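Below: the structure, in structure tokens.
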Amino acid sequence: MTTVRLPLFPLNSVLFPGLVLPLNVFEERYRALMRDLLKASPTDPTAAPDDVNADPAVSDEPRQFVVVAIRDGHEVAPTASGMPDDITTKEAGAGPAAGFGDDPLASFHGTGCVADAATIRERPDGGFEVLATGTRRVRLHSVDASGPYLTAEVEELPEEDGDEAGALAEGVLRAFRTYQKRLAGARERSLTTGAELPDEPSVVSYLVAAAAVLDVPTKQRLLQAPDAASRLRDELKLLRAETAIIRHLPSLPATELTRQATSRN
Numbered sequence: 001m002t003t004v005r006l007p008l009f010p011l012n013s014v015l016f017p018g019l020v021l022p023l024n025v026f027e028e029r030y031r032a033l034m035r036d037l038l039k040a041s042p043t044d045p046t047a048a049p050d051d052v053n054a055d056p057a058v059s060d061e062p063r064q065f066v067v068v069a070i071r072d073g074h075e076v077a078p079t080a081s082g083m084p085d086d087i088t089t090k091e092a093g094a095g096p097a098a099g100f101g102d103d104p105l106a107s108f109h110g111t112g113c114v115a116d117a118a119t120i121r122e123r124p125d126g127g128f129e130v131l132a133t134g135t136r137r138v139r140l141h142s143v144d145a146s147g148p149y150l151t152a153e154v155e156e157l158p159e160e161d162g163d164e165a166g167a168l169a170e171g172v173l174r175a176f177r178t179y180q181k182r183l184a185g186a187r188e189r190s191l192t193t194g195a196e197l198p199d200e201p202s203v204v205s206y207l208v209a210a211a212a213v214l215d216v217p218t219k220q221r222l223l224q225a226p227d228a229a230s231r232l233r234d235e236l237k238l239l240r241a242e243t244a245i246i247r248h249l250p251s252l253p254a255t256e257l258t259r260q261a262t263s264r265n
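Right, dumping it as structure tokens:
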């Protein structure tokens, strides 16, 4: 078993490999994390002024941290969608584990996703605007709260297609189109509009898991599925069930999610 230690960024949402994660970082513990990531990826001093590498906010070098979903009951006064917060973190001396109890590891789901922050832009108020992308799944083994922010010892999980993954992916895409049309209405943009559909089973499984309107425990279950085929089978059942429910609703407002294709870059 090979493990590595990476910074930990708990959220009340699930990140999947290949999906983009925009973050508005305002808590000091996560500001410290972003400052360290910036220090760890200096820009090329020979870069031309108009070269993207001349911008310290943008880097081609990996700037990685682990996004892990917070278990139900451990979120404390979230102040922004997808962001953890706790009033004690604003008090002097509050530690990196504030709001997560005596054993932070027990507060988080056991499977997370490594995020690579391609852009980290500091605001005048000291906060950060971050654009990261999920890269690979990991299993948490331990959490360390001795530094300015949480870190975790993690083990990378294998990515396997599983039996009949290709056929399952085709069925899930068909079911997702139907689900999306029911959810948004015939006049809304569908998954195929202006976007080329993926054909890799694992990519399909993560795209649909991220795009479907599901609660955090369900998304977490999909993230930690043993292979793409298992995830796709679960998604097929979920999509059919959700579509049947939506069909019997008198009306349902369209969500922003269905107005555009989910970015996988």
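1 is the number of the first residue of the sequence shown in this note's numbering; add one for each residue after it.
We put the beta carbon where it would ideally sit given N, CA and C, even for glycine.
Bear in mind the structure is a predicted one, so any value in this text is a computation, not a measurement.
Problem - Per-residue DSSP class, three states only, for Ala32 - result: helix
Problem - Neighbour-count burial assignment, Gly99, 16 or more Cβ in a 10 Å radius - result: buried
Problem - Leu19 versus Ser142: straight-line alpha-carbon distance, rounded - result: 25 Å
Problem - Sub-9 Å separation of Phe128 and Ile120 beta-carbons - result: yes
Practice task
Can you say whether Ala69 is buried or exposed, counting buried as having 16 or more other CB atoms within 10 angstroms of its CB?
Solution key: buried
Handout entry: Contacting residues, own chain, Cβ-Cβ under 7 Å from Ser202 (five flanking each side not counted)
Key = Glu159, Asp161 and Ala228
Problem - Exposure of Val130, with buried meaning 16 or more beta-carbon neighbours within 10 Å - result: buried
Exercise for the section: Please state whether DSSP places Thr2 in a helix, a strand or coil. Expected result: coil
Practice task
Look at the alpha carbon of Leu238 and the alpha carbon of Glu200, and state the distance between them as a whole number of angstroms.
Solution key: 20 Å
Problem - Residues that DSSP places opposite Ala152 in a beta bridge - result: Leu6 and Val143
Problem - Beta-carbon gap between Lys219 and Phe26 smaller than 9 Å - result: no
Problem - Cβ neighbour criterion (16 or more within 10 Å) applied to Ser205 - result: buried
Problem - Cβ neighbour criterion (16 or more within 10 Å) applied to Ser146 - result: exposed
Exercise for the section: Measure from the alpha carbon of Leu207 to the alpha carbon of each residue in Thr133, Ala32 and Thr2, then state which is nearest. Expected result: Thr133
Practice task
Within its chain, find whatever has a CB closer than 8 Å to the CB of Val216; leave out the 5 residues flanking it on each side and keep chain order.
Solution key: Asn12, Ser13, Val14, Ala69 and Asp72
Exercise for the section: Could you tell me how far apart the beta carbons of Arg29 and Pro96 are, in whole angstroms, since I believe they sit closer than 8 Å? Expected result: 5 Å
Exercise for the section: Buried or exposed for Ala209, please, with buried defined as at least 16 other CB atoms from any protein chain shown within 10 angstroms of its CB. Expected result: buried
Problem - Beta-carbon gap between Arg137 and Val114 smaller than 9 Å - result: yes
Exercise for the section: Note down the Cα distance separating Pro78 from Leu150, rounded to an integer number of angstroms. Expected result: Since pLDDT at Pro78 reaches only 40, below the 50 mark, its modelled position is unreliable, and the value read off the structure follows with that caveat. Cα to Cα, the separation comes out at about 18 Å.
Exercise for the section: Buried or exposed for Pro226, please, with buried defined as at least 16 other CB atoms from any protein chain shown within 10 angstroms of its CB. Expected result: exposed
Practice task
Provide the residue(s) that pair with Gly95 in DSSP beta bridges, ordered along the chain.
Solution key: The partner list for Gly95 (beta bridge, DSSP) is empty, contrary to what the question assumes.
Practice task
Starting from Leu223, trace the alpha helix (DSSP H) both ways and give me its first and last residue.
Solution key: Val216 to Leu223
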